[in-house]
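Engineer:
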Ligand SMILES: *[C@@H]1O[C@H](CO)[C@@H](O)[C@H](O)[C@H]1NC(C)=O
Ligand SMILES: *[C@@H]1O[C@H](CO)[C@@H](O)[C@H](O)[C@H]1NC(C)=O
Ligand SMILES: [Zn+2]
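Structure below.
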C-alpha cells in the first residue's frame, strides 16, 4: 500500500514538474498595430532594438520572419505582449498614437487547440505509427522514418548525419528508385524545422515523404517523381529547439546551445551559415531572435547539413528549405539586394511551382528576392546552398499563414490548427512536383 502511495506521489511530482517547466502563455495578447507615419515606424524600430538589448525576450516580441520591420507605410504588424508588460506597452504605443487592436486576447487558448490529439491519433501513435492530424514529438517522427526505410527499402534509404548539440540523431532520408543502369539521377534536397516553432514545416515535409513512398507504384505522377528524381530529405534539422517547443516554450525559434558569454541559450541557425555571415539582418546579441551565433557554423546541426549537401553537390540541383508562415517563395540573395545572374530561371521555377500550389486551394504566394520581399538576412541556408554548394535553385519556402496572404507572420501564424497539415501537404506537394519536372527537364535523366 505504502509502495503504491509512493509511486503515486512520484507520478504527481513528475507531472507537477513537467507542468512547471512548460511556459504558460496565459493572458499573453497579440496586438495588431497599424503604422501610418514615418515617426511611428521609427519609434517601433527603436522599440524593437531596445527589446533586443533589454531582457524582455519572451515578454514583448515582434513576431516576423526577419524580426524587423519593412520600410512600407502604412504597415500592419503584430506584437506579442505578456500580461506583466501590457500596461507599459500600451503607455508607449498610446504615446505615439499608434492604432492598435487586440487580435488574440489569450494565446494559451490557441495553443490548447493546437496541441489536441484525438483518441484515434493517440492509438496510432501508441502503436508506433504517424498521423497528419496532430503535431508530433521527435520520437514519433524517428519511428516513422525507421518504418519508411524498413517497409519500403526498394525506394527509401535512411542514414544518420550525426548528432545535435544535445545528442539527438539527425537523419537524412533518400527517396528514389535507383536506376537499373546504376547511373546517377538529378536530386532535390528538402529540409525543414530550422526554426523550431514553425511546426507546419516538418509536418508538411513528412506528409510529402509519406505520399511519395506510399503512392509509389499506385499513382502515376508520384511514380514518375520517384523514378526520375532522388529526393533527399532532412525533416527536422533544429531538433533540440523543436523538442524544446514541445516541452518548454512553444514559441522558441532558436537552437539550444549554451552561449559562451551569456546566460541566454541558443542562436538563430538561419543566420549561422558562412556566406556573408553577419553582413546584415543579424546580431551578436546572444540569445536574441536573430543572433547569428558566436561564429559561422557554431551550431553543429548546420554543419551536419552542409556536409551532407556537399557530399552530393554534383547531384543536388534544387534545395528547398521549409519555413512558415508568410506564403513566399524566396530566392537568393538574402544578404543584400543583389540578384544572381540566373535569377530569371529561379523566378520561372518559383512562379510555375507556386501556380501549381495555388491551383489546389487558392493559397497565394509571393515569389521573388528574399531581400526585396522581407529585408536582408545574411547567413541563411538558401544563400549558402547557392554560393557554397553551387546548387542552382536554392530556395526558402515560407508555408501557409492561417490568416492568409499578406497577413503578418506572427506568433499566431506559427500556430496552425492540425486540420491544416494535410491541406498544406497536398498543396505543397504540387509545388515539388513541378520542381521535379523542371529539374528533370533541365538536367536530364542522368548526370554521368
Ligand atoms: C510496416 O511493416 C510492418 C510489418 O510488415 C507492418 O506491421 C506495418 O503496418 C507497416 N507500416 C506501414 C506504415 O506500412
Ligand atoms: C496522384 O497524385 C497527384 C499529385 O498529388 C494528384 O494530383 C493526382 O490526383 C493523384 N492521382 C490519383 C489517381 O489519385
Ligand atoms: Zn523561419
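Residue numbers (mature numbering (1 follows the signal peptide of the UniProt record, and there is no 0)): -18 to -1, 1 to 430.
Even for Gly, the Cβ is constructed at its ideal location relative to N, Cα and C.
(1) Using a threshold of 6 Å, is the CB atom of residue 201 nearer than that to any non-hydrogen atom of ligand 2?
(2) Could you give the residue range of the beta strand (DSSP E) that holds residue 57?
(3) Should residue 212 and residue 269 be called a contact, given that it needs their Cβ atoms to be closer than 7 Å?
(4) Going by the beta-carbon positions, is the gap between residue 248 and residue 233 smaller than 7 Å?
(5) Please go through the same chain and pick out, in chain order, the residues whose beta-carbon is closer than 8 Å to the beta-carbon of residue 279, but skip the five residues on each side of it.
(6) So, using beta-carbon positions, are residue 16 and residue 58 closer together than 7 Å?
(7) Verify whether the separation of the beta carbon atoms of residue 150 and residue 221 is less than 7 Å.
(8) Which first and last residues belong to the beta strand (DSSP E) in which residue 177 is found?
(9) So, is residue 52 buried or exposed, given that buried needs 16 or more other C-beta atoms within 10 angstroms?
(10) Look up residue 140 in the DSSP assignment and give the residues it is bridged to.
(11) Residue 23 to residue 412, Cα distance in whole Å?
(12) Hey, which unbroken runs of the alpha helix (DSSP H) at 4 residues or more fall wholly within the region 86 to 132?
(13) In chain order, what residues of the same chain have a beta carbon less than 8 Å from the beta carbon of residue 429, not counting five sequence neighbours either side?
(14) If I follow the unbroken alpha helix (DSSP H) through residue 329, where does it start and stop?
(15) Short of 7 Å in beta carbon distance, which residues of its chain neighbour residue 195, apart from the five on each side in sequence? Order them along the chain.
(16) In three-state DSSP terms, what is residue 380?
(17) Would you mind giving the Cβ-Cβ distance between residue 316 and residue 365, rounded to the nearest angstrom? I have them listed as a contact below 8 Å.
(18) Quick one: complete beta strand (DSSP E) runs, 3+ long, within the region 249 to 333?
(19) What are the start and end residues of the alpha helix (DSSP H) that includes residue 424?
(20) Between the Cα of residue 141 and those of 128, 148, 32, spot the shortest distance and give me the residue it belongs to.
(21) Alpha carbon to alpha carbon, how far is residue 210 from residue 383?
(22) Under the three-state reduction of DSSP, which class applies to residue 428: helix, strand or coil?
(23) To the nearest angstrom, how far is the alpha carbon of residue 426 from that of residue 183?
(24) Just checking my contact of residue 180 with residue 82 at CB under 8 Å: how many whole Å lie between their CB atoms?
(25) Which whole-angstrom value is the C-beta distance of residue 301 and residue 376, which I expect to be below 8 Å?
(26) So, is residue 26 buried or exposed, given that buried needs 16 or more other C-beta atoms within 10 angstroms?
(27) Residue 264: buried (16+ other C-beta within 10 angstroms of its C-beta) or exposed?
(28) Is residue 53 helix, strand or coil when you go by DSSP?
(29) Between residue 90 and residue 10, how many whole angstroms is the CB-CB distance? I'm expecting something under 8 Å.
(30) Taking contact to mean 3 or more Cβ pairs, one atom from each stretch, closer than 8 Å, check whether the region 346 to 363 and the region 318 to 328 are in contact.
(31) Could you check which residue in 61, 60, 407, 114 has the C-alpha nearest to that of residue 99?
(32) Distance, Cα to Cα, residue 414 vs residue 68?
(33) Evaluate residue 225 with the Cβ neighbour count: other Cβ atoms within 10 Å of its Cβ, from every protein chain shown; 16 or more gives buried, anything less gives exposed.
(34) Candidates 405, 155, 45, 119: which alpha carbon is nearest residue 339's?
(35) Report the rounded CA-to-CA distance for residue 31 versus residue 50, giving the unit in angstroms.
Structural biologist: Judging by the given coordinates:
(1) yes
(2) 57 to 63
(3) no
(4) no
(5) Within the same chain, residue 279 has close Cβ partners 254, 255, 256, 285, 288.
(6) yes
(7) yes
(8) Segment: none, residue 177 is in no beta strand (DSSP E) and carries neither H nor E.
(9) exposed
(10) 155
(11) Distance between the alpha carbons of residue 23 and residue 412: 38 Å.
(12) 89 to 96, 101 to 108
(13) 165, 166, 167, 168, 296, 297
(14) 325 to 343
(15) 130, 134, 137, 138, 157
(16) Three-state result, residue 380: strand.
(17) That belief holds up - the Cβ atoms of residue 316 and residue 365 are roughly 5 Å apart, short of 8 Å.
(18) 298 to 306, 310 to 313
(19) 403 to 425
(20) 128
(21) 32 Å
(22) coil
(23) Using only the alpha carbons, I get a separation of about 29 Å.
(24) Between residue 82 and residue 180 the Cβ distance is about 26 Å, and since that is not below 8 Å, they are no contact.
(25) 5 Å
(26) buried
(27) buried
(28) coil
(29) Cβ atoms of residue 90 and residue 10 come within 8 Å of each other, at about 7 Å.
(30) yes
(31) Among 61, 60, 407, 114, the Cα nearest to that of residue 99 belongs to 114.
(32) Using only the alpha carbons, I get a separation of about 43 Å.
(33) buried
(34) 405
(35) 9 Å
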